[in-house]
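Residue numbers (full-length UniProt numbering): 1 to 367.
Next comes the structure, spelled out in structure tokens:
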């Protein structure tokens, strides 16, 4: 049995590993010149680690060093708005790991046979019968998996009349700052903007910034430093120590709910199926879940029945996470002064279990 995977990012390579371990012939088509990941840090949460466990890679990622979940949310002055019980979260749900995106791609890629990886291939059209037309010719397989991101060619080929991704109103910057001392993983909310920092195992600090902005607008590091100069420590220091070439900016998109994740002998997964806001940090974790669930279902039940099972299982869950993620970040992007004052007054009064309960559906997944 053969599977063609369109896209060689985290979701695509995890799918390749999952099917390869089950004895399938694998072909991965990647548009970029090499299999790597342009990005910064990435937190793999307990459900994502369990997905990696299913393909034999969870312990190898844990060996690089464990991380803590989000310690909480602060105001721009530094007051705690939400304080998570980090120890309780780890006891209830398991481990967290923070890793560079490229390191996770390298870990996955190393398990896939080198002759299965085809870079520099531009996919042009995917047919529901398992035929893929691309810049290198035509490939066919028993199953095609579209793991080609938010602007997926696979998705557009199968559902050309469905609406595409929509800009959610804020842009995101990601960077890695040099090693320095920070108080765990913390997010800070202002008016229409926020800043998060996450320690990495090697001492460097993964930082992300989100701010309301018109689609396509671009802002450099100097302007970010000025914008956040009066926020609480260590935010100005982190931005001050960063290098311009380390900053990546991407507009934030969300995909409208698809009516199906499968069509004929083709499935979509990850951002190609359910691109979501980064507010819960679940994008990569959901792609990993998709990959191992799809491989298990198809290899156990056969292509058609397995695809039906994959769609039946994954679509309701991922679309729930999409909604939860949208809701989780909404208040951070309020711009009304009275509303943000009210938000900062009310959030500290809410019980810790209120926030933990909202995370339970994401963290408790098992295959």
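Backbone N, C-alpha and C fix where the C-beta goes; we use that ideal spot for every residue, glycine too.
Local Cβ density within 10 Å of residue i, reported as buried at 16 or more and exposed below that
i: residue 181; result: exposed
i: residue 346; result: exposed
i: residue 419; result: Lying before the first or after the last residue shown, residue 419 is absent from the chain, which here runs from 1 to 367.
i: residue 344; result: buried
i: residue 220; result: exposed
i: residue 161; result: exposed
i: residue 349; result: exposed
i: residue 59; result: exposed
i: residue 257; result: exposed
i: residue 27; result: buried
i: residue 271; result: buried
i: residue 339; result: exposed
i: residue 19; result: buried
i: residue 174; result: buried
i: residue 320; result: exposed
i: residue 289; result: buried
i: residue 199; result: buried
i: residue 110; result: exposed
i: residue 195; result: buried
i: residue 267; result: buried
i: residue 354; result: exposed
i: residue 136; result: exposed
i: residue 362; result: buried
i: residue 98; result: buried
i: residue 213; result: buried
Residue i vs residue j beta-carbon contact at 8 Å
i: residue 237; j: residue 108; result: no
i: residue 126; j: residue 171; result: no
i: residue 1; j: residue 142; result: yes
i: residue 144; j: residue 138; result: no
i: residue 50; j: residue 365; result: yes
i: residue 325; j: residue 279; result: yes
i: residue 204; j: residue 178; result: yes
i: residue 134; j: residue 29; result: yes
i: residue 317; j: residue 186; result: no
i: residue 218; j: residue 243; result: no
i: residue 147; j: residue 6; result: yes
i: residue 342; j: residue 263; result: no
i: residue 63; j: residue 367; result: no
i: residue 232; j: residue 329; result: no
i: residue 391; j: residue 255; result: Here the chain has residues from 1 to 367 only, and residue 391 is not among them.
i: residue 352; j: residue 83; result: yes
i: residue 176; j: residue 246; result: yes
i: residue 295; j: residue 11; result: no
N-terminal and C-terminal residue of the beta strand (DSSP E) that residue i is part of
i: residue 199; result: 193-199
i: residue 176; result: 166-177
i: residue 187; result: 186-189
i: residue 44; result: 41-44
i: residue 299; result: Run containing residue 299: none in the beta strand (DSSP E); it sits in the alpha helix (DSSP H), 283-301.
i: residue 83; result: 80-83
i: residue 100; result: 97-100
i: residue 145; result: 143-146
i: residue 57; result: Note, residue 57: premise wrong, no beta strand (DSSP E); not H, not E.
i: residue 248; result: 248-254
i: residue 134; result: 131-134
i: residue 6; result: 2-6
i: residue 336; result: Counting along the chain, residue 336 falls outside any beta strand (DSSP E), and DSSP gives it neither H nor E.
i: residue 239; result: It is not in any beta strand (DSSP E) - residue 239 instead sits in the alpha helix (DSSP H) that spans 235-241.
i: residue 138; result: 137-140
i: residue 119; result: 117-119
Contact belief for residue i with residue j at Cβ below 8 Å, rounded distance in angstroms
i: residue 273; j: residue 261; result: 5 Å
i: residue 251; j: residue 167; result: 6 Å
i: residue 211; j: residue 192; result: 6 Å
i: residue 323; j: residue 293; result: Contact doesn't hold; Cβ gap of about 20 Å is too wide.
i: residue 81; j: residue 189; result: 7 Å
i: residue 227; j: residue 122; result: Rounded, the Cβ-Cβ distance is 38 Å, inconsistent with contact.
Range of the contiguous alpha helix (DSSP H) that encloses residue i
i: residue 17; result: 10-21
i: residue 274; result: 271-274
i: residue 363; result: 352-363
i: residue 223; result: 221-227
Is the region 98-115 touching the region 30-42 in the sense that three or more CB pairs, one from each, lie closer than 8 Å?
The region 30-42 is in contact with the region 98-115.
For the structure I just gave you, are there three or more beta carbon pairs, one from the region 40-49 and one from the region 284-297, closer than 8 Å?
The region 40-49 is in contact with the region 284-297.
Within the chosen definition, does the region 86-97 reach the region 64-74 through at least 3 CB pairs nearer than 8 Å?
By the criterion of at least three beta-carbon pairs nearer than 8 Å, the region 86-97 is in contact with the region 64-74.
Between the region 287-303 and the region 116-123, do at least 3 Cβ pairs fall closer than 8 Å?
Under the three-pair Cβ rule at 8 Å, the region 287-303 does not count as touching the region 116-123.
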